[in-house]
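Colleague: In the UniProt record's numbering, the protein residues as written are 1 to 233. Here it is: the structure, laid out below.
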Amino acid sequence: MIIDEIKAKLSRTSFYISLSLVLLFYIAGFVYTNMFEIFYDNDIGVDFVVFTIEHYFTIPIVIVIFPVLFGWLIVGLLKSPYWTYEQEEGLFALVMFGGLFYTIVMTFFFCFCSAIKMDRNYITNEQRGIIVDLVKQEKISKQSVKARFYTDWVKKEGGGREIGKVMDINYVPLELYVCFEKGFNNTICAKLFENFLIKEKEEVRCEKAREYLAEKNKIESIENYNRIIEKVK
């Protein structure tokens, strides 16, 4: 009799712990996204906002996928053979259908309702000029903005036009997009842009090393070609 009571108590305890943990993971995801929305709009919690932006394409996956996975894991680890049929089915429904609803809502939020209204297919000519200038100053790498070069008529400094290389920007990093949206004098942008330039410094160094190696290989290839031609003559 006493053993049955203990088993029943353990069964109820494990059920409520499982239920609480599953709900806690779902609530944590909602709280995180709402905190980011509020902090971003009001320019507070700079470190939190900057961290989220710098990992903006990883965090949604973690927030959306992990609570559902942890829900299944918790149910599997804490499942008791003494749960009633109603308890087992209820928790299963919470993880299954609650997880599906949670995933749909969070995916919709990050795609359509996020504080960062991303439309990086469009930037103004002034913004494009800022990016081109940063690339020319070697502050950011060409790869980071997917820069492409083509030949076209360009203005000369003394007036008139001539044929020259034009840089085309095919991608705007999220850090720059946020700064264009909020302004470079914004507190969030100040820290975000500083971190971005520090990261890009290494990218520029690696890019220059790759370009140097490619140019060196090209010269050696031409020299070998000319050497072979000379032997054949």
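The C-beta atom is built at its ideal place from N, Cα and C for all residues, glycine as well.
In the DSSP assignment, find the alpha helix (DSSP H) that holds isoleucine 188 and state where it starts and stops.
Modeller: Counting along the chain, the alpha helix (DSSP H) containing isoleucine 188 begins and ends at 187-232.
Colleague: Are isoleucine 63 and tyrosine 32 closer than 8 Å when you measure CB to CB?
Modeller: In contact: isoleucine 63 and tyrosine 32 (Cβ atoms closer than 8 Å).
Colleague: Quick check: what's the CA-CA separation for threonine 107 versus proline 60?
Modeller: Distance between the alpha carbons of threonine 107 and proline 60 is about 8 Å.
Colleague: Kindly give me the distance between the Cβ atoms of glutamate 220 and serine 141, rounded to whole angstroms, as I take these residues to be in contact under 8 Å.
Modeller: Glutamate 220 to serine 141, Cβ: 25 Å. No contact.
Colleague: How would you write the range of the alpha helix (DSSP H) that residue 238 sits in, first residue to last?
Modeller: Because the chain spans 1 through 233 in this model, residue 238 falls outside it and cannot be assessed.
Colleague: Terminal residues of the continuous alpha helix (DSSP H) containing lysine 182?
Modeller: 174-182 is the span of the alpha helix (DSSP H), which, as asked, contains lysine 182.
Colleague: Please name the residue in Gly90, Tyr85, Glu86 and Met167 whose C-alpha comes closest to that of glycine 71.
Modeller: Of the candidates Gly90, Tyr85, Glu86 and Met167, the one whose C-alpha sits nearest the C-alpha of glycine 71 is Gly90.
Colleague: Can you tell me which of the three DSSP states phenylalanine 149 falls into?
Modeller: Three-state result, phenylalanine 149: strand.
Colleague: Quick check: the region 26-45 against the region 183-198, are there 3 or more CB pairs under 8 Å?
Modeller: Result yes; three or more Cβ-Cβ pairs closer than 8 Å.
Colleague: Going by DSSP in three states, aspartate 41 sits in which element: helix, strand or coil?
Modeller: Aspartate 41 falls in the helix class under three-state DSSP.
Colleague: So lysine 139 is in the alpha helix (DSSP H); what residue range does that whole segment cover?
Modeller: Taken as a continuous stretch (DSSP letters only), lysine 139 belongs to no alpha helix (DSSP H), as it is neither H nor E.
Colleague: Rounded to whole angstroms, what is the Cα-Cα separation between phenylalanine 180 and isoleucine 104?
Modeller: Straight-line Cα distance between these residues: approximately 30 Å.
Colleague: Have a look at Tyr177, Lys146 and Phe25 and flag the residue whose alpha-carbon is nearest the alpha-carbon of isoleucine 123.
Modeller: Of the candidates Tyr177, Lys146 and Phe25, the one whose C-alpha sits nearest the C-alpha of isoleucine 123 is Tyr177.
Colleague: Could you tell me the alpha carbon to alpha carbon distance between asparagine 195 and isoleucine 229, rounded to whole angstroms?
Modeller: One C-alpha to the other measures close to 51 Å.
Colleague: To which residues does DSSP link methionine 167 through a beta bridge?
Modeller: Phe149, per the DSSP bridge assignment.
Colleague: Indicate whether the contact test is met: 3 or more Cβ pairs, each with one atom in the region 129-146 and one in the region 49-59, closer than 8 Å.
Modeller: The region 129-146, when compared against the region 49-59, does not touch it at the 8 Å Cβ threshold.
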